[in-house]
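For reference, the structure is listed below as C-alpha cells.
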Amino acid sequence: MKRKTILLNTMDNVATALTDLKKGEKVNASLDAKSYDVVLLEDVEMGHKIALRDIAEGETVVKYGMPIGKALSPIRAGEWVHVHNCRSHRWGFHNEKYGLKA
Amino acid sequence: MDMLGYLRPDGQLGIRNHVAIVYTTHCSLVVAEKLRSLFPDGTQLFGYPGGCALREGPFDKIVALGQHSSYAAALVVGLGCEGTEAYMVAQAIAKSGKPVEAVKINQEGGDLKTIEKGSRILVKLLQHASLAERAKMTPAELIVGQECGGSDATSGLASNPITGVAGDLLIEAGGTYMHSEVEELLGCGEALAARAVNAQVAKEIAEVIEEAERRSFEGGRFSWGYGNILGGLTSIDEKSAGCLSKSGTKPLQGILRKYERPKVKGYYIQIGEPESGTFHGDPEGVNQFAACGAHLCLFTTGCGSTTGGLIPVIKVIANPKRMQLIEDNADFDATPIMRGEKTIREMGEELYAEILAVAGGKRTKSEIYRHYEA
C-alpha cells in the first residue's frame, strides 16, 4: 500500500504529507516499530505537517528527531501543524540575540 | 564488495584514471584548452584563472587537485611570469610521486610551439596512465562528498535523508563521508557538537555554526522566505534539520578547512569559501571535495541540475515532476519515496549500492556528458 505520509524519525510527533490530504481522511504514519493512525481534522497540503498525537501548549514539536518549534496552543492529533500554531523557540522567541523582530 | 582501484605512487587508490592539464594563469588557459581538445580522451582541465600575484589559496588548490587520486600524471601549462609559477606547481604536485611535467609559453616561444611540445608530453603521459597498476579497493578506501543545489521541498523529505543513510552505510564499511554548506545548518550547532568525537571538535563546530548564523543575520543572507512557509516549512529550525539529515548519524571526526585531507576515516564537515575558478557555485563545491580527496560526490537537487566537476557526480532527484523533466541529467531516482512506495532506509541502501557501482567504474551522466567543470 502506498504511504500518504512520511515519518522521518521515531521521536517525531509530526509526520509530513506526501500528497494533498483531505479533512476526514484516515492516514497512517509509520517508521520501524512506530505506527500512528490519525483522522485528519482539516485539509493538509503536500509537504505540510500533521500532528500524530495531542501536543500541549508550549510542548516541543519534533521532526527529524530535532526540535523545530513550540506549540503556540494545544494541538490535537490529526491537526495541521504550521506557523499558526507552532513557532521556533530559537528564532521565534529568542530572536533578540540577532536584533530580529520576526 | 571489492572493486579495482588505480594504485598511485603515494598509496592513494583512485576510481578514475585521467591525466590532468593544469593552467596556472588566465594567460595560459587558451593553450591548455587547445591541448585538451587535441586529447579529449583521458584528460581533464583545471587551473587558476586569476591574476599574476602568487596567492597561497589558489596555489594550494591546484596542487591539491593535481595530487588527486584520479590523476595518473599531470601537465602544467604556464605563461612564465605568473606568481603560481608552472615549475613550482609541477614540483609540488610531483611530491605525490606521479610524473608531472611543465611547459611555459614564454619559454617555448608562443602558443604553437607550446602546443607542439605539450602534445608530445601528453602522449607520453597518457601512455603512462594506461599502464596504471590496478589494486583491490574496498569501500573503506572511499571518500564521498555530498552537495545540494536547486533544493525544494523534496530535498529535506527524501533526497537529503537518503544521502545521510548512504553516508552512514559507507562509514559502517570503514569509509569517509563529508558535506559542506554550514550556512544551511543554522541552529544545528548543538546537535553537531553532541556528535563530535572530542571536546575540541565540539567547540570548533559550535563556533563555525555560530559564525555562520552571525554572518547570515548581519549580511541579510538569512535563507528563509515566504516560499519556504508556503511549501510547509514552519521554522528555520525545520529547514536546517532537513538539511542536517544529509549528515547521517555518525560521530563528527573533524572539520576540513581548505584542501585538507581527512586524517582518520568517518564523517567530516568541509568548510571554506572556494577560491575563484572558471566555474562558480555547485561545480566549485564539488571540486572543493575533490581537493579534500573525495573520489565522487552525491548531489541532491529538487529542481534538477547539470552539475558536474572533476570527480563523478551522482545526481539524486526525488521530485517526480522534475525527475520526469530532467531525467537525462539525473543518476538516481528517489521519487519512489515521494510516491509513498519506498522508505528512506530502502532508498538509502540503493544509493549506497550506486556509490559502489560508480566507484567500481560505472560512469555517471556528468562524466558521459563531460561535465568536467572546473
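Sequences listed follow chains A and B, in order.
Okay, so the first sequence: first residue is 164 according to this note's numbering, each after it adds one.
Okay, so the second sequence: first residue is 279 according to this note's numbering, each after it adds one.
Backbone N, C-alpha and C define an ideal beta-carbon position, used for all residues, glycine too.
Member of the options whose CA lies at the smallest distance from the CA of residue i
i	options	result
B:G396	B:D609, B:M456, B:G434 and B:L313	B:L313
B:F324	B:V355, B:S347, B:P529 and B:L291	B:V355
B:Y630	B:L508, B:S315 and B:S437	B:S437
B:I449	B:C426, B:L357, B:D611 and B:G544	B:G544
B:S347	B:K382, B:T362, B:L332 and B:V297	B:V297
B:G505	A:Y227, A:N191 and A:G210	A:G210
B:G559	B:D389, B:F577, B:E482 and B:I293	B:F577
B:R294	B:F317, B:V591, B:L603 and B:E485	B:V591
B:L409	B:G283, B:A310 and B:G510	B:G283
A:K165	B:I615, B:P327 and B:L435	B:I615
A:I218	A:D175, A:E205 and A:A180	A:D175
B:A569	B:E360, B:A342, B:V475 and B:V594	B:A342
B:E516	B:K528, B:S501, B:P327 and B:E624	B:S501
B:G388	B:Q369, B:K640, B:S306 and B:G423	B:S306
B:V594	B:H573, B:P439, B:Q385 and B:L332	B:P439
B:E468	B:C575, B:E605, B:V367 and B:L530	B:L530
B:V564	B:E632, B:R398 and B:I589	B:I589
B:Q369	B:T527, B:A352 and B:N384	B:A352
B:E461	B:Y455, B:D288, B:L332 and B:I483	B:I483
B:E624	B:V443, B:P327 and B:D319	B:V443
C-beta atoms of residue i and residue j nearer than 9 Å
i	j	result
A:R250	A:A214	no
B:H457	B:E425	yes
B:S433	B:C521	yes
B:K373	B:A350	no
B:P540	B:G509	no
A:V202	A:G241	yes
A:E220	A:L235	yes
B:K382	B:G344	no
B:G222	A:L181	Outside the modelled stretch of chain B, which goes from 279 to 652, sits residue 222 of chain B, for which no answer is possible.
B:T621	B:N597	no
B:V486	B:G532	no
B:K524	B:G335	no
B:L447	B:G639	no
A:E188	A:K167	yes
Local Cβ density within 10 Å of residue i, reported as buried at 16 or more and exposed below that
i	result
B:V479	buried
B:T642	buried
B:I299	buried
B:Q322	buried
A:A265	With a pLDDT of only 39 at A:A265, under the threshold of 50, the placement of this residue in the model should not be trusted; the figure read from the coordinates follows. Exposed, because fewer than 16 other Cβ atoms sit within 10 Å of the Cβ of A:A265.
B:Y647	exposed
A:A196	exposed
B:Q405	exposed
A:K186	exposed
B:A472	exposed
A:H257	Residue placement at A:H257 cannot be trusted, given a pLDDT of 45 that sits under 50; the coordinates are not used to answer.
B:Q602	exposed
B:I547	buried
B:A259	Residue 259 of chain B is absent from the structure shown; chain B starts at 279 and stops at 652.
A:H247	exposed
B:E394	exposed
B:L534	buried
B:A477	exposed
B:T585	buried
B:R493	exposed
B:G503	exposed
Collapsed DSSP secondary structure at residue i in the structure displayed
i	result
A:R250	strand
B:R412	strand
B:Q602	helix
B:G428	coil
A:N191	strand
A:D206	coil
B:H304	helix
A:F256	Model confidence at A:F256 stands at a pLDDT of 48, short of 50, so the residue's coordinates are unreliable and nothing is read from them.
B:G445	helix
B:P561	helix
A:A265	Its pLDDT being 39, under 50, A:A265 is placed unreliably by the model, and nothing is read from it.
B:T613	helix
A:P237	coil
A:G232	strand
B:Y284	strand
B:D338	helix
B:G626	helix
B:K402	helix
B:S433	helix
B:S315	helix
B:G571	coil
Those runs of the beta strand (DSSP E) which lie wholly inside the stretch 348 to 397 of chain B and span at least 3 residues: 349 to 356 and 378 to 382
Beta strand (DSSP E) runs contained entirely in the stretch 507 to 553 of chain B, provided each spans 3 or more residues: 530 to 534 and 545 to 548
Whole runs of the alpha helix (DSSP H) within the stretch 457 to 503 of chain B, excluding any shorter than 4 residues: 467 to 471 and 477 to 496
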